[in-house]
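Colleague: Just add 6 to the spot in the sequence shown (first one is 1) and you have the numbering used here. Even for Gly, the Cβ is constructed at its ideal location relative to N, Cα and C. Quick one: structure below, then a few questions.
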Amino acid sequence: MQVTLLFTMQAENLRVKESVNSLAWKFISSSQMVDLVQLTVDGVQKTLAEILEFKHYQICMKEGILLDYYVSGFCWTKEQKFTMLQISTFMTLLKRILENISEKHLPLLDNLKELKKVMAEVVLSRLEKSDRREFFTVDQGKAIISYMKISVQKS
């Protein structure tokens with residue numbers, strides 16, 4: 007099963023590399039994703055902390071809160087039954103949103119506008135290239151925007 011999964015990931019990874027504007031594998035690599043999808047929530051938390059280089063997330067409030075956003079987002083994508091490619095793309099989008107908030111202090115409304123623009127491009131690309139599994143359906147795009155709006159609004 008793991009060999010088949012790895013082979014599928016390698017094939018998807020090659021297809022994504024062909025796409026210049028790809029959002030997949032920018033934040034979480036394909037090999038990291040293979041490991042992540044098999045872990046418990048605690049394992050996901052530990053692994054994401056390592057990827058993000060959060061060494062003090064258990065005692066540093068900022069790291070702990072940011073890590074919670076990443077873990078929650080990852081778990082949400084699994085509940086949505088996204089492919090690994092879609093999860094990777096979502097996690098890159100989530101990272102961009104969280105960086106906009108924490109580093110650029112971009113207001114929620116501006117963040118959501120940027121997200122909607124990116125999602126429209128991703129959905130449009132999917133319609134133009136119907137075999138690309140990285141891209142989200144219109145319904146998935148709406149769900150992502152809704153998820154981001156609700157989760158980011160709570161911060």
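Could you check the C-alpha separation between G49 and V40 for me, to the nearest Å?
Modeller: 13 angstroms
Colleague: Does the region 97-108 come into contact with the region 74-82, if we say contact requires no fewer than three beta-carbon pairs (one atom in each stretch) closer than 8 angstroms?
Modeller: yes
Colleague: Which two residues bound the contiguous alpha helix (DSSP H) that contains F80?
Modeller: M67 to E85
Colleague: Just the Cα atoms here: how many angstroms apart are L42 and I71?
Modeller: 20 angstroms
Colleague: For I151, which of helix, strand or coil comes out of DSSP?
Modeller: DSSP places I151 in helix when its eight states are reduced to three.
Colleague: Give the single residue among Y153, G147, Q44 and I151 whose Cα lies nearest to the Cα of M90.
Modeller: Answer by Cα proximity: Q44.
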